[in-house]
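Some notes on the structure that comes next.
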Amino acid sequence: MRWSWIGGHADLILAQLGEHVQLTVLALLFGFAIAFPLALAAMRWPRLYQPSLFVTGVLFTIPSLALFILLIPFTGLSKTTSLIGLTLYTLLILFRNTIEGLKGVPHEVREAARAMGYSRARQLFTVELPIALPVIMAGIRIAAVTTIGLVTITALIGQGGLGRLFITGFTLHSPTPLVVGFVLSIVLAVVVDLALVALLGILTPWRRGQAP
Amino acid sequence: MNRQRHWLRPALVALLIGLAIALLATASAGAAESGHVLAALLQWFRDPAQWQGAQGIPLRLAEHVGYVLWSMLMGMAVALPLGIGLGHYGRGGTLAINISNIGRAIPSFGLIILVFLLVGFGIVPILVALTALAIPPMVTNSYVGMRSVEPAIRQAARAMGMTAWQTLWRVELPIALPLVMAGIRTSAVQVVSTATLAAYVGLGGLGRYLIDGLATRELTQVVGGAIVVALLAIVTEAVLAWLQKRIVSAGLIR
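Protein chains in written order, with the working numbering: chain A, 1 to 212; chain B, 1001 to 1254.
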């Protein structure tokens, strides 16, 4: 380890960290924007469930580097390519957990809401979603940590955030940039995971003291 | 009747997915340069040089499968006894559950290069990284599988005079098998996917097409390689799903 390298390249390291966070957050937002309505639709029309699970499952099975590469003919070696790939990867986990969460809402609770005259939308947003939130959040946590790891792979198609530091380390045959990128990537995953647990605690105050 | 047809569905599914990917890839390649890439891709797959010799797909495929098999075997040798043991005795739950979270956070690309810089060129970096990647999902899933066995069933087995070993082998493990297999499937697909990166540190495998093609900007080779890797991952998943159906007791399949 050469500590002086870190001091001399603080700007670079911060920039890569920023890009890493940006790619992760955008991929999660896009992923959720697709998976969440899809899950609601699959709850409403159960016929959609198996096909959706199948398609998102196949996307999740395709190796990440291969998936990024299959997008290159469309979108080139660009941030868009990595973003589309990363987004497609989040879909299975987000879709499955949203469905599992909503399915876990007790039947009596649903019926009670109906009996009290709740409209479908109000029932969904004020009754079912709050109850489903812990399971949905568990999915978001897995998706977030997985995405943070996958972002590093996009370094091979010219993006990559902290993954770029891996390549720098490899090219220079110097462990320092590599270790910096490696450690920061793990720290980022842990911090994001803890932040999401904290967010769940804030959003579901009635669950205080229970396991996340 | 039903039993004989078990292989049919996974095989059909794999075939359909393969076709879909090939179509998607050729369509995507076609979109780029008005058919030139599509034609080049077909040419690439048809080229006899692709099917023999040190650069051919069969050898690359064999190398790739080799990395996967070795790391999966080593991973299973560590992970399954650990997960099954912890689950059987009901100890170390926090470790068994959290190890897969920790595993997810470790960037495998970084790990491969890190071990490469430490030990130098050779098969060690890729086997270390792939094995490390394979272990966590199998530990967590086999632990959860063993814990999901109802105590009443365990007690009934003991009450019938089974020894501790017989209970483990003939009662608990068969019941835990679907989750144990789920862990193996998750690991195997991840390892197939990540073995692509072996090419980055100078080894073989299907990743060669991707890494070399990216370096020399040969899109045909890159997309062609990507199709083969994607197919391998999907076939792996399909074969293990089929295997699971064969070995899981029919009484457990809902």
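Cβ coordinates follow ideal geometry from the N, Cα and C atoms, glycine included.
Counting other Cβ atoms within 10 Å of its Cβ, Gln1050 (chain B) reaches 16 or more and is therefore classed as buried. Ranked by how close their Cα comes to the Cα of Trp1169 (chain B), the residues B:Gly1075, B:Ala1134 and B:Met1146 have B:Met1146 in first place. A contact between stretches requires three or more CB pairs, one per stretch, nearer than 8 Å, and the stretch 127 to 145 of chain A fails this requirement with the stretch 165 to 183 of chain A.
Beta-carbon to beta-carbon, Leu17 (chain A) and Leu162 (chain A) are separated by about 6 Å, close enough to satisfy the 8 Å threshold. Of all alpha-carbon atoms in B:Leu1095, B:Leu1206, B:Asn1101 and B:Met1072, the one lying nearest the alpha-carbon of Leu1232 (chain B) is that of B:Leu1206. Taking one beta carbon from each stretch, the stretch 1114 to 1122 of chain B and the stretch 1083 to 1103 of chain B have fewer than 3 pairs nearer than 8 Å; the two do not touch. Excluding its 5 nearest sequence neighbours in each direction, Gly104 (chain A) has C-beta neighbours in its own chain below 8 Å: Ile131, Ala132 and Val135, listed in chain order. For Ala1250 (chain B), there is no enclosing alpha helix (DSSP H), as DSSP gives it neither H nor E. Using a CB distance cut-off of 8 Å, Ala66 (chain A) counts as an interface residue toward chain B.
Three or more beta-carbon pairs separated by less than 8 Å are not found between the stretch 151 to 159 of chain A and the stretch 37 to 57 of chain A, which leaves the two stretches without contact.
Ala27 (chain A) and Thr1196 (chain B) have their C-alpha atoms spaced approximately 23 Å apart. Taking 4 residues as the shortest admissible run, the stretch 1158 to 1224 of chain B contains the following complete alpha helix (DSSP H) segments, listed from N- to C-terminal end: 1164 to 1167, 1173 to 1194 and 1207 to 1216. Against Leu1133 (chain B), chain A offers no close residue; the least beta-carbon distance is about 10 Å (beta-carbon pairs closer than 9 Å).
The alpha-carbon separation between Val1128 (chain B) and Thr171 (chain A) amounts to approximately 21 Å. For the 8 Å CB-CB criterion, Ile1102 (chain B) and Met1138 (chain B) do not form a contact. Of the candidates A:Ile34, A:Val127 and A:Ala198, the residue whose Cα lies closest to the Cα of Glu108 (chain A) is A:Val127.
Between the stretch 33 to 43 of chain A and the stretch 88 to 99 of chain A there are three or more C-beta pairs closer than 8 Å, enough to call the two in contact.
In this chain, the alpha helix (DSSP H) harbouring Gln16 (chain A) covers Ala10 to Arg44. By the Cβ rule, the stretch 138 to 149 of chain A counts as touching the stretch 80 to 97 of chain A, because three or more pairs are nearer than 8 Å. With a threshold of 8 Å between beta carbons, Glu1218 (chain B) makes no contact with chain A.
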